[in-house]
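For my numbering, count along the sequence shown from 1 and bump the result up by 1. All C-beta atoms in this analysis are idealised placements derived from N, C-alpha and C, irrespective of residue type, glycine included. Predicted model only: the values in this text are computed from it and were never measured.
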Amino acid sequence: METIRPCGCKGIRSCLLCEREYNIVKPNLTDYFQKCSSYVYCPDCDLAWPGWDADLYKTHPDHQGTPIEFPGVYIKLDFLTSCETDSLVSALEEIPWETSQSGRRKQNFGPKCNFKKKKFQLGSFNGFPKSTQFVQQKFSELPILEDYRTVEQCTLEYDPARGASIDPHIDDCWIWGERIVTVNVLGNSVLTMSPYLGPDTKYNLKSVPEYSITLKFDIENKYEENENIVVRLPMPEGSLMVLYGIARYKWEHSVLREDIKSKRICLAYRELTPPYLSNSRSNEEIKELLNRASIFRGNATVI
2 METIRPCGCK
12 GIRSCLLCER
22 EYNIVKPNLT
32 DYFQKCSSYV
42 YCPDCDLAWP
52 GWDADLYKTH
62 PDHQGTPIEF
72 PGVYIKLDFL
82 TSCETDSLVS
92 ALEEIPWETS
102 QSGRRKQNFG
112 PKCNFKKKKF
122 QLGSFNGFPK
132 STQFVQQKFS
142 ELPILEDYRT
152 VEQCTLEYDP
162 ARGASIDPHI
172 DDCWIWGERI
182 VTVNVLGNSV
192 LTMSPYLGPD
202 TKYNLKSVPE
212 YSITLKFDIE
222 NKYEENENIV
232 VRLPMPEGSL
242 MVLYGIARYK
252 WEHSVLREDI
262 KSKRICLAYR
272 ELTPPYLSNS
282 RSNEEIKELL
292 NRASIFRGNA
302 TVI
């Protein structure tokens, strides 16, 4: 269906609500991925071990089977304390939600981007909610994020009652930079990684070679293009995840409907690419974006 539905879905995106109302049949990604060779990443040993259940990471160091390396992922367990998650959930629930696709709701703070035309507008973006400032401040405690400059913060809610999910994708590479950060605030979930086998015309992947990799991460794919493999990344409540390098540019990530067991709330953060950062001194629009992104206020506007 090409029309936008009341639930917020459009095109090939769907949720339980519109699937029931419009008799939409959604392909079962879980069934497809479970036929592949699956591995579960362990944050403690930085290796991926054979299996599907993401809780397998909890068996560390008593893993079974032969592991594989999966570069380009960093997971900080217990990034948020239980008190911090409680206060954050309460604060986020006071901010208006907007419907989104595939059964999700969102709160978006940042520029409005047209990835096809490679244009962005500052619009009504006037900073981030004061109640979330401490999360970005905690980034500086992690060496991998010590120079991270957030320009977009998006709150996403996944509700199992709506069959919330997100299909396999790579975050656009034209303006969003090399480190994709997710803070899992409420609920345990999983990010499922699958090799991207499509052309570099999608996701603006052609933009990547145009700038040097600031963090010097290896983005060479170590897996054959025809290899059926998935890597499951655990996202327990209160954890932080960073995707970079090969995991950022060579693999699609998704959240499967079957992995949303209870209500999930996460915060997604984006930085600028090196070209945009280097032009921040001469480009007034970029300079203004960075200026607004340094502001935290009680009445920040959802765009």
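May I have the straight-line CA-CA distance separating P237 from V191, to the nearest angstrom?
8 angstroms
Just how far apart, CA to CA, sit A294 and L241?
21 angstroms
Does the distance from the CB of W175 to the CB of S208 come in under 8 angstroms?
yes
For the beta strand (DSSP E) that Y42 lies in, which residues bound it at each end?
S38 to C43
Could you say if the stretch 240 to 256 and the stretch 74 to 82 meet the contact criterion of at least three C-beta pairs nearer than 8 angstroms?
yes
Output the boundary residues of the beta strand (DSSP E) element that contains T133.
Unbroken run through T133: none, as it is neither H nor E.
By Cβ distance, which residues of its chain are closer than 7 angstroms to C267, with the 5 residues on each side in sequence left out?
L157, T183, V184, N185 and V186
Could you name the residues that DSSP lists as bridge partners for L241?
K77 and V184
What number of angstroms, rounded off, separates the C-alpha of L30 from the C-alpha of S38?
14 angstroms
With a cut-off of 8 angstroms, do at least 3 Cβ pairs link the stretch 40 to 48 to the stretch 197 to 212?
no
Alpha-carbon to alpha-carbon, T193 and E70:
16 angstroms
Tell me, which residues are paired with E228 by DSSP?
The partner list for E228 (beta bridge, DSSP) is empty, contrary to what the question assumes.
Simplified DSSP state of T31, which is helix, strand or coil
helix
According to DSSP, what are the bridge partners of F297?
F129
According to DSSP, what are the bridge partners of S255?
T193
When we look at the beta-carbon of F135 and count the other beta-carbons within 10 Å, is it buried (16 or more) or exposed?
exposed
Using 10 angstroms around the beta-carbon of V256, count the other beta-carbons present and answer buried if the total reaches 16, otherwise exposed.
buried
Backbone CA spacing between A162 and L18 [nearest angstrom]
9 angstroms
Nearest-angstrom Cα distance between P68 and P97?
44 angstroms
Can you tell me which of Y58, S103 and K262 puts its alpha carbon nearest to the alpha carbon of R14?
S103
Can you grab the Cα-Cα spacing for the pair K308 / Y23, in whole Å?
Only positions 2 to 304 of the chain appear in the structure, and residue 308 is not among them; the question remains open.
Between which two residues does the alpha helix (DSSP H) harbouring E94 extend?
S83 to E94
Using the beta-carbon count (16 or more within 10 Å), is P196 buried or exposed?
buried
Span separating the alpha-carbon of S132 from that of H61
35 angstroms
Where T100 sits in the DSSP three-state scheme:
strand
Where does F121 sit, in a helix, a strand or coil, going by DSSP?
strand
Taking C-beta to C-beta, are Y270 and T151 nearer than 8 angstroms?
yes
Which one of F110, D148, N284 and K262 has the shortest CA to CA distance from Y159?
K262
Are the CB atoms of A165 and C16 within a distance shorter than 8 angstroms?
yes
How about G111 and R298: do their beta carbons lie closer than 8 angstroms?
no
If P235 sits next to Y75, beta carbons under 8 angstroms apart, how far is it from one beta carbon to the other, in whole angstroms?
The pair is not a contact, with the Cβ atoms about 13 angstroms apart (cut-off 8 angstroms).
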